[in-house]
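Report on one structure; see the data block that follows.
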Amino acid sequence: MLQTQSNKSSFFVKRPILFVIVVEVLLLIIVTVGGAIATIKELDYIAAIWVSFTPIALILVIYLTWKRKWGSLGFQSLSTITKQNWLYHLPLILVLITISLKGFEDLSVSKVIQFVSFTLLVGFVEETVYRGLILKAMLNVGVKAAVITSSLLFAVTHALNMISGQDLANTVVQIVYSLLIGVVLALLMVRGSNIYPLILFHFLHNLIQFLGPEATGVTYFDVIALVILVIYSIVLIKSLNKKTIKGSIAA
Numbered sequence: 001m002l003q004t005q006s007n008k009s010s011f012f013v014k015r016p017i018l019f020v021i022v023v024e025v026l027l028l029i030i031v032t033v034g035g036a037i038a039t040i041k042e043l044d045y046i047a048a049i050w051v052s053f054t055p056i057a058l059i060l061v062i063y064l065t066w067k068r069k070w071g072s073l074g075f076q077s078l079s080t081i082t083k084q085n086w087l088y089h090l091p092l093i094l095v096l097i098t099i100s101l102k103g104f105e106d107l108s109v110s111k112v113i114q115f116v117s118f119t120l121l122v123g124f125v126e127e128t129v130y131r132g133l134i135l136k137a138m139l140n141v142g143v144k145a146a147v148i149t150s151s152l153l154f155a156v157t158h159a160l161n162m163i164s165g166q167d168l169a170n171t172v173v174q175i176v177y178s179l180l181i182g183v184v185l186a187l188l189m190v191r192g193s194n195i196y197p198l199i200l201f202h203f204l205h206n207l208i209q210f211l212g213p214e215a216t217g218v219t220y221f222d223v224i225a226l227v228i229l230v231i232y233s234i235v236l237i238k239s240l241n242k243k244t245i246k247g248s249i250a251a
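Residue numbers (the UniProt record's numbering): 1 to 251.
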């Protein structure tokens, strides 16, 4: 979908770096306020995320509808994804299988439903912000800048877990892991310009993590997943060409 003249003259396009700063700052402010409210109300982690992410989701829906940006941010029919690009999404399934090998807890149906709704909300919000708004805005600067910026900000946001008392080793692994996932998903967005598979992966990835056993440290499965993501990133980088990049910027 080609940009209209109004989109070309928008703040989103004319001041991409400032736009990204505003988006990230607003996100952090809302999450911080939500966390403070959750602390005061003595809510658990999931409830705290609901308090923070629900208003963000509503703001995103209103903004994207008002600015008519759903299509330009990748909310398009799955039929727009070519067979070749579907093949490039397949390693995501390998990552999901790897982390699922850790096993699952014996949870009640109500708890599973709670995790499903919670992880779907997070998947929608984070993908729309990082692989939607931030990535697409930074594509006006360049593909490298877009991929690096969106991935780093995604990783930095997850680095906030360090404040929660998590040990340094686990936090470093989580930051590297989220950075690699950010790179992979950003590159897939550049290739295909469709955000739905990314939201689905993000949702399923987080759901598997929450349904699995409580983390007690870095496992072999975590290392395998990291290796897969490194190789995956290299393959995706090498797969990009001028035509693919030009198409992602115009979309």
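Backbone N, C-alpha and C define an ideal beta-carbon position, used for all residues, glycine too.
All of these numbers come straight from a predicted model, not from anything done at the bench.
Open item on the list: Within a Cβ cutoff of 6 Å, which residues of the same chain sit near phenylalanine 118, ignoring the five residues on either side of it in sequence?
Closed with: Ile46.
TODO: Identify, in the order they occur along the chain, each residue of the same chain with its Cβ nearer than 6 Å to the Cβ of glycine 35, setting aside the five sequence neighbours on each side.
DONE: Excluding sequence positions up to five before and after glycine 35, its CB lies within less than 6 Å of the CB of Ala48, all in the same chain and listed in chain order.
TODO: Provide the residue span of the alpha helix (DSSP H) that contains leucine 136, from first to last.
DONE: Per the sequence shown, residue 136 should be read as lysine rather than leucine. For lysine 136, the enclosing alpha helix (DSSP H) starts and ends at 135 to 138.
Open item on the list: So leucine 207 and leucine 198 are supposed to be a Cβ contact under 8 Å. How far apart are they, rounded?
Closed with: Contact between leucine 207 and leucine 198 does not hold, since the beta-carbon distance rounds to 15 Å and is not under 8 Å.
TODO: Check proline 197 in the structure and name its three-state DSSP category.
DONE: Looking at proline 197 - three-state DSSP - the assignment turns out to be helix.
Open item on the list: Taking its Cβ as the centre, do 16 or more other Cβ atoms sit within 10 Å of glycine 103, making it buried, or is it exposed?
Closed with: By the 10 Å Cβ count, glycine 103 comes out exposed.
- [ ] Identify the continuous alpha helix (DSSP H) that holds asparagine 241 and give its terminal residues.
- [x] It is not in any alpha helix (DSSP H) - asparagine 241 carries neither H nor E in the DSSP assignment.
Open item on the list: According to DSSP, is alanine 215 part of a helix, a strand, or is it coil?
Closed with: Coil at alanine 215, not helix or strand.
Task: Straight-line Cα distance separating valine 33 from isoleucine 228 - done: For isoleucine 228 and valine 33, the distance between alpha carbons rounds to 36 Å.
Open item on the list: Am I right that phenylalanine 53 and valine 122 are in contact with their C-beta atoms under 8 Å? What's the rounded C-beta distance?
Closed with: Right, their Cβ atoms sit about 6 Å apart.
- [ ] Note down the Cα distance separating leucine 26 from isoleucine 59, rounded to an integer number of angstroms.
- [x] Those two C-alpha atoms are separated by around 11 Å.
Task: For arginine 191, the first and last residue of its enclosing alpha helix (DSSP H) - done: Element bounds for arginine 191: 168 to 192.
TODO: Would you grab the beta carbon distance between valine 230 and leucine 168 for me? Rounded to a whole angstrom, and I think it's under 8 Å.
DONE: No, valine 230 and leucine 168 are not in contact; Cβ-Cβ is about 21 Å, not under 8 Å.
Open item on the list: Using C-beta distances below 6 Å, list every residue in its chain close to glutamate 126, excluding the 5 sequence neighbours before and after it, in chain order.
Closed with: Hits under 6 Å: none found.
- [ ] Could you pull the start and end residues of the alpha helix (DSSP H) that glutamine 114 belongs to?
- [x] In the DSSP assignment, glutamine 114 falls within the alpha helix (DSSP H) that extends over 109 to 126.
Open item on the list: Is the beta carbon of glycine 74 closer than 8 Å to that of asparagine 194?
Closed with: Cβ distance < 8 Å, so asparagine 194 and glycine 74 count as in contact.
Open item on the list: Please state the DSSP three-state secondary structure of serine 10.
Closed with: If DSSP states are grouped into helix, strand and coil, serine 10 belongs with coil.
Open item on the list: Let me confirm a value: serine 110 is counted as buried when at least 16 other C-beta atoms fall within 10 Å, else exposed. Which label applies?
Closed with: The residue in question, serine 110, is exposed, as its Cβ has fewer than 16 Cβ neighbours within 10 Å.
- [ ] Determine the direct distance from the alpha carbon of arginine 15 to that of methionine 138, and round the result to whole angstroms.
- [x] Each residue's alpha carbon lies about 9 Å from the other.
TODO: Could you check how far apart the C-beta atoms of valine 129 and valine 61 are, in whole angstroms? I think they sit under 8 Å.
DONE: Rounded, the Cβ-Cβ distance is 13 Å, inconsistent with contact.
Task: Expected contact under 8 Å - CB spacing of arginine 191 and tyrosine 88 to nearest Å - done: The Cβ separation is near 6 Å, so the contact holds.
Task: Euclidean distance between Cα positions of valine 218 and valine 173 - done: Valine 218 and valine 173: Cα-Cα distance of roughly 8 Å.
TODO: Would you mind giving the Cβ-Cβ distance between tyrosine 232 and valine 176, rounded to the nearest angstrom? I have them listed as a contact below 8 Å.
DONE: Incorrect: roughly 14 Å between the Cβ atoms, too far for contact.
TODO: Name the residue from Leu133, Phe154, Gln76 and Leu226 whose alpha carbon lies nearest to the alpha carbon of leucine 94.
DONE: Relative to the Cα of leucine 94, the nearest Cα in the group Leu133, Phe154, Gln76 and Leu226 belongs to Leu226.
TODO: Mark threonine 39 as exposed unless 16 or more other C-beta atoms lie within 10 angstroms of its C-beta, in which case mark it buried.
DONE: With fewer than 16 neighbouring CB atoms inside 10 Å of its own CB, threonine 39 falls in the exposed class.
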